[in-house]
Structures are given as structure tokens and as C-alpha cells.
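S.K.:
Residue numbers (the numbering used here): 33 to 311.
(1) From residue 185 to residue 307, what does the alpha carbon distance come to, in whole angstroms?
(2) For residue 153, which beta-bridge partners are listed by DSSP?
(3) Which residue's Cα is closest to the Cα of residue 95: 310, 183, 132 and 149?
(4) Pick out the complete alpha helix (DSSP H) segments inside the stretch 195 to 279, 4 residues or longer, and give them in chain order.
(5) Looking only at its chain, what residues have a beta carbon closer than 8 Å to the beta carbon of residue 110, apart from the 5 residues adjacent to it on each side?
(6) Count the other CB atoms within 10 Å of the CB of residue 166; is the residue buried (16 or more) or exposed (fewer)?
(7) Grab me the residues of residue 88's own chain with a C-beta within less than 6 Å of its C-beta, minus the 5 sequence neighbours each way, in chain order.
(8) Say the cut is 7 Å; is the CB of residue 251 nearer than that to a heavy atom of the ligand FMN?
(9) Please go through the same chain and pick out, in chain order, the residues whose beta-carbon is closer than 7 Å to the beta-carbon of residue 146, but skip the five residues on each side of it.
(10) Classify residue 304 as helix, strand or coil using the three-state DSSP reduction.
(11) From the DSSP output, which residues share a beta bridge with residue 145?
(12) Would you check if the stretch 234 to 252 and the stretch 187 to 199 touch, i.e. whether three or more CB-CB distances between them fall below 8 Å?
(13) Once DSSP output is grouped into helix, strand and coil, what is the label at residue 56?
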């Protein structure tokens, strides 16, 4: 794996990304904080630039719980946080945002943005991320909004789901948005693996709690990097199945967590962002 970013990408592509996103600056919704399932509100220090407009911010998808989610049916309002859409949140978001600031020339806000498809604000953000998508309960209305967002140029990164049951639940929901498009393995020569970093070998990235085994479930061995493409060959949905990139961002500063996983997760994330903003 090439550890150095391509110089033309750090300059030319990042500059193009900035130009493409400038028009959205004034339309961005205000920053909102939520408590998470792992971190209390305010436990992770709030960056001083949390209210700034920027060319890019970590846009995290809020979603209702699904059948495999332990919060379904409980007297909790997923709109208020403390639901599985907040896994790794906000530590992963802010760690990765710092990496984007250091490794690219994209003007990046250090604090995340939580996005609710029911509010129609996904269109303010070129890149959208969701965790635990094997346990989501995306509704028909939200699926339609997701489809519109992606076909109009958005990009969705679906992360941290493992094994057959979670794959089937993810596929059932994403099919509501794209019943007409197949899910395919991303070939090694796809531009998404080469926009900034040339990523050859792709490791399975385990969560911090599953380092000893290297996978979460017995039927979740082996990393799969998959996608849904549009008619022009642009990736609409990038899928990291049987890997937990969010955990690798979250624990990137912890000596216990192997750097080889965080290194790959950060490089892939940077590639996905630049791809999303230039394709």
C-alpha cells in the first residue's frame, strides 16, 4: 500500500472539491449535539469551530431502529440520540475530521453534523455516513429521500455490519431506495481506491471489542467492499461489510488498537470523501 498521497490529488482534486462545495456553505443547517450510546453529552470536548461553515463536515445519518436493533420498541426517541446511529459518536467523527484536516487541503469543520432524512437536509452535505446499518429501520419515506439525494450527486458510506442476518436487513432497507440497481463488489482498479491513496491490500477491520477474534460473528469472516453504482459508473453507496471503520477512527489515538487498522480506515475514508466531492 502506498503510504504517501498523490501530490496532484492533494492539490488539484482537493481544490476542485472545494470549488464544488462552496455553493453549499450558506445553506448548511446549524450544528446540533446529541448524547450517544457510548459517550455522554459533552464528554468529548466540543471543538471551537463547531459552528463554522466549511467545505466538508462529517455528516452522520440519523435513523430509526430496525428489527435487529435492541432499541426497537423501547420508550426512547431516536431523534434525541442514545440510539445505535450514535455508535462511536462523536469520538469517531471528530478524530476522522482531524485526519481530513491534516491530510488534505479541504476546508474541514472539526465537529460532525447529524442528518435526518425526514428533515430534508441531506442535500447540504456531499458525503453521508451511517454506522450499524444491519440494525437500521430506514422507512419508505426516508428511502425515497436517500435515493433522491444520491441520484442528485450525493454519496453514502454504509459501515459496521456483520454476518448474514445483518446483511439481509441492510439489503432489505437499501433495496427500498434502489430496487433497480445491483450491489456489486468494488474492483481493485476502481478510482475510489486511488483518488488520493493507492489502496491495494484491504484488511478486515475489526471493532475494538473484537480484536482477539478479528471478526464479530462466526459468519462474518472476511472483508467485503461493495457498492451500488449509477448508470455512469459512479458509486452511489459504498459498503464496508464485516468491517468496522468507525471503530478504527474512534480508537485511532489508543495504543491498544492496532495502527494498521486505523491507518487503512483513515486512508479509505479520505479516498471516499475526495471521490464523493469530485465524481
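Glycine included, C-beta positions come from ideal geometry on N, C-alpha and C.
M.R.: Concretely, from the data shown:
(1) 11 Å
(2) Bridge partners of residue 153: none, in fact.
(3) 149
(4) Counting only runs of 4+ residues, the alpha helix (DSSP H) found wholly inside the stretch 195 to 279 occupies 195 to 209, in chain order.
(5) Once the five neighbours on either side are set aside, the close Cβ partners of residue 110 are 94, 95, 96, 97, 103 and 117.
(6) When all chains shown are included, residue 166 counts as buried.
(7) 138 and 140
(8) Because no ligand of any kind appears in the structure shown, any question about the ligand FMN cannot be addressed here.
(9) 64, 66, 92 and 94
(10) helix
(11) 91
(12) yes
(13) The pLDDT assigned to residue 56 is 47, lower than 50, so where the model puts this residue is not dependable, and the model offers no usable value.
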